[in-house]
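Under our numbering, think of the first position of the sequence shown as 23, with each following residue one higher.
The next block holds one structure in the form of structure tokens; read it before the comments.
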Amino acid sequence: MEMEDRQKFKTDCKAALGRVCAQAKRQLTLLGLAALAGALAGVLTAVFGHGVLAATAVRERWPWLLALLPAGGALIWLVYARFGGACGRGMALVFDAEAGRREGVPRRLVPLAVGATWLGHLLGASVGREGVAVQIAAAGASALSPALRDPADRRRLLTAGVAAGFAGLFRTPLAATLFALELFRAGVMEYDVLLPALAAALTASAVSGGLGVSPASASLGPAPAFTVETLIALAVLGAACGLTGRLFVGLLHGLKDRLGRWMPNACLRIVLVGALVAVFGFATGGRYNGLSEGIASAALSGAGVYAWDWLAKLCLTAVCLAAGYQGGEVAPLFTIGAALGAVLAAPLGLPVPAAAALGYAAVFAAGTNTFAAAVLVGVELFGGGYAGCLFLVCAAAYACNGGHSIYPQGQQGRAG
């Protein structure tokens, strides 16, 4: 009997050790593939980001290129209609793949989305770049996922790819990690994805940095001291940013729906909107076309902005994206937030650079329905000294956005 017990004990130990080894192998494989996906994303986002900046420089040198925006829109529609298939759904594909409703993100999305975004920036569409960076990084992660047997691990790798795309473009790996986690499950943190996402984000940020991608930065001075007046000012600023993010989300989704009903012909829709945006661009000197990084830079440096800059950028970006121009929403959210913060600084008694930095993060929080990621974006870009202020402003913005998001699927999981 004693021999049988010993034998059973040995067998149980071997089985337990086998399970531990198998689990360790599985996790190490996932981490290795996440790091590889991060390296791939770092290269892709660096090439993509440099291309956007090059296109912007060309347009700024030859402003007459704005006149070609309607023709560029027609070309984007034609290419997507002929070759795009489901790729025209953009971020919805990434959400579907993460939820298991489709098998990965198609690789042809990479040249289509990159080319369309470069063309849009060359000709002056008021769009960003993060959405496309995340999509191409997710496509890269999907290409590696067949090495994983478990569908759950494949979805984790996809989430890591999303983190890598954000980190490679903005060089904020900690914020990118939490952005990927918050994106798919608003208000819920799935910690089993944390390590792969962090590995991918750190690798992507390092690789893109080595290839010349630089994060945004600003010299803000010390954070405002906490007084009753300051706390009230921060709460008001956060609420304003939350409502602004909600306005952007509502306008973006509302225009997509209404433009589709008013102009069922998608080609005509993008051409007419392109013509209107071009006329507006010529009238305003191209101030709101492309990334409009000059507005954010002016706000963060304390140089000042026009009182209507945030609203003009908000409306023009929503119109361009709703019409079908490719790009992203996050960079415009940063610009909108910085401009809004700068405008509200004097009435609230806050330093302009500080208010701009807080608005930069808080409108992002409201527009994307994320909280922790937004706080970390501000901390990584503007320094840990602003952590307390960022926490308060982003919390107020997150509370006021009503659970809405630029990604409709990202509204799920949090009551509105």
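Glycine residues also receive a C-beta, built at the ideal position from the N, C-alpha and C atoms.
To the nearest angstrom, how far is it from the Cα of residue 426 to the Cα of residue 268? Here the question's residue 426 lines up with position 404 in the sequence shown. Here the question's residue 268 lines up with position 246 in the sequence shown. Approximately 6 Å, taken between the alpha carbons.
Helix, strand or coil for residue 241, going by three-state DSSP, please let me know. Your numbering for residue 241 matches position 219 in the sequence shown. Residue 241: coil per DSSP, three-state reduction.
Contact under 8 Å by Cβ, residue 120 with residue 206: Locating residue 120 in the sequence shown gives position 98, where the first residue counts as 1. Locating residue 206 in the sequence shown gives position 184, where the first residue counts as 1. Yes, Cβ-Cβ distance for residue 120 and residue 206 is below 8 Å.
Should the region 296–308 be regarded as contacting the region 89–99, the criterion being three or more beta carbon pairs within less than 8 Å? yes
Taking the beta carbon of residue 287 as the centre, do at least 16 other beta carbons fall within 10 Å, making it buried, or is it exposed? Reading the sequence shown from its first residue, position 265 is the one you call residue 287. Burial call: exposed.
Taking all protein chains shown into account, do 16 or more other C-beta atoms lie within 10 angstroms of the C-beta of residue 133, making it buried, or fewer, making it exposed? Position 111 of the sequence shown, counted from the start, is the residue given in the question as residue 133. Exposed: under 16 other Cβ atoms inside 10 Å.
Kindly list the residues whose CB is nearer than 6 Å to the CB of residue 352, restricted to its own chain and excluding five residues on each side of it in sequence; keep chain order. By one-based count along the sequence shown, residue 352 stands at place 330. Cβ within range, chain order: 150, 152.
State the Cα-Cα distance for the pair residue 258 and residue 106, rounded to the nearest angstrom. Counted from its first residue, the sequence shown places residue 258 at position 236. Counted from its first residue, the sequence shown places residue 106 at position 84. If I take the Cα positions, the gap works out to 44 Å.
Quick check on this structure: which residue in 29, 128, 68, 157 has the alpha carbon closest to the alpha carbon of residue 348? Counting from 1 along the sequence shown, the entry for residue 348 is found at position 326. Among 29, 128, 68, 157, the Cα nearest to that of residue 348 is on 157.
From the DSSP output, in three-state form, read off residue 69 for me. As a first step, residue 69 is located in the sequence shown; it is residue number 47 there, counting from the start. Looking at residue 69 - three-state DSSP - the assignment turns out to be helix.
Runs of 4 residues minimum, wholly inside the region 302–347: which ones carry the alpha helix (DSSP H) assignment? 315–323, 331–345
Kindly list the residues whose CB is nearer than 6 Å to the CB of residue 270, restricted to its own chain and excluding five residues on each side of it in sequence; keep chain order. As a first step, residue 270 is located in the sequence shown; it is residue number 248 there, counting from the start. 336, 389.
Let's test the definition: count the other Cβ atoms within 10 Å of the Cβ of residue 250 and tell me whether it reaches 16, buried, or not, exposed. As a position in the sequence shown, residue 250 is number 228, starting the count at 1. Classification for residue 250: exposed.
Are the region 318–329 and the region 124–144 in contact at 8 Å, needing three or more beta carbon pairs? no
Quick check on the DSSP output: the alpha helix (DSSP H) that includes residue 152 runs from which residue to which? Within the sequence shown, residue 152 is the residue found at index 130, counting from 1. Taken as a continuous stretch (DSSP letters only), the alpha helix (DSSP H) holding residue 152 covers 152–166.
So residue 229 and residue 190 are in contact, right, with Cβ under 8 Å, and what is the actual spacing, rounded? By 1-based counting over the sequence shown, the position of residue 229 is 207. By 1-based counting over the sequence shown, the position of residue 190 is 168. Yes, they are in contact, since the Cβ atoms of residue 229 and residue 190 sit about 7 Å apart, within 8 Å.
Helix, strand or coil for residue 434 per DSSP? Reading the sequence shown from its first residue, position 412 is the one you call residue 434. Residue placement at residue 434 is flagged as unreliable, the pLDDT there being 49, under the threshold of 50; a coordinate-derived value is accordingly withheld.
Spell out a yes or no on whether the region 410–427 and the region 384–400 are touching, meaning 3 or more CB-CB pairs, one atom from each, closer than 8 Å. yes
Using three-state DSSP, classify residue 426 as helix, strand or coil. If you number the sequence shown from 1, residue 426 lands on position 404. It is coil, neither helix nor strand.
If you draw a straight line from the alpha carbon of residue 196 to that of residue 239, how long is it in whole angstroms? As a working note, residue 196 is residue 174 in the sequence shown. As a working note, residue 239 is residue 217 in the sequence shown. Each residue's Cα considered, the two are about 16 Å apart.
Please tell me whether residue 310 and residue 273 are closer than 8 Å, where the distance is taken between their beta carbons. One-based indexing of the sequence shown puts residue 310 at position 288. One-based indexing of the sequence shown puts residue 273 at position 251. Not closer than 8 Å, so no.
Could you tell me the boundaries of the alpha helix (DSSP H) in which residue 272 lies? Locating residue 272 in the sequence shown gives position 250, where the first residue counts as 1. Taken as a continuous stretch (DSSP letters only), the alpha helix (DSSP H) holding residue 272 covers 250–284.
For the structure I just gave you, are there three or more beta carbon pairs, one from the region 162–172 and one from the region 50–59, closer than 8 Å? yes
For my contact list, residue 260 and residue 375 are in at a C-beta cut-off of 8 Å; report their separation, rounded to the angstrom. As a first step, residue 260 must be located in the sequence shown, where it is residue number 238. As a first step, residue 375 must be located in the sequence shown, where it is residue number 353. Actually they do not touch by this definition, with Cβ atoms about 17 Å apart.
Extent of the continuous alpha helix (DSSP H) to which residue 124 belongs: For the purposes of this step, residue 124 is identified with residue 102 of the sequence shown, where counting begins at 1. Segment: none, residue 124 is in no alpha helix (DSSP H) and carries neither H nor E.
Assuming the contact rule is C-beta atoms closer than 8 Å, residue 295 and residue 342 should be a hit. Round their C-beta distance to whole Å, please. Reading the sequence shown from its first residue, position 273 is the one you call residue 295. Reading the sequence shown from its first residue, position 320 is the one you call residue 342. Yes, they are in contact, since the Cβ atoms of residue 295 and residue 342 sit about 7 Å apart, within 8 Å.
Reducing DSSP to helix, strand and coil, say where residue 60 ends up. To locate residue 60, count along the sequence shown from 1; it is residue 38. Here residue 60 sits in helix by DSSP.
DSSP three-state call for residue 393: helix, strand or coil? Residue mapping note: residue 393 aligns to position 371 of the sequence shown, counting from 1. In this structure, residue 393 counts as coil in the three-state DSSP scheme.
With 16 as the cutoff for other CB atoms within 10 Å, does residue 184 come out buried or exposed? Taking the sequence shown and counting its residues from 1, the one referred to as residue 184 is at position 162. That one is buried.
Whole-angstrom distance between residue 169 and residue 159, CA atom to CA atom: On the sequence shown, position 137 is the one that residue 159 refers to. On the sequence shown, position 147 is the one that residue 169 refers to. Residue 159 and residue 169: Cα-Cα distance of roughly 17 Å.
Going by CA-CA distance only, name the one from 235, 144, 142, 357 that's closest to residue 187. Here residue 187 is taken as the residue at index 165 of the sequence shown, counted from 1. Checked all of 235, 144, 142, 357; the closest Cα to residue 187 is 235.
Alpha carbon to alpha carbon, what distance is there between residue 177 and residue 222? As a position in the sequence shown, residue 222 is number 200, starting the count at 1. As a position in the sequence shown, residue 177 is number 155, starting the count at 1. Cα-Cα distance, rounded: 14 Å.
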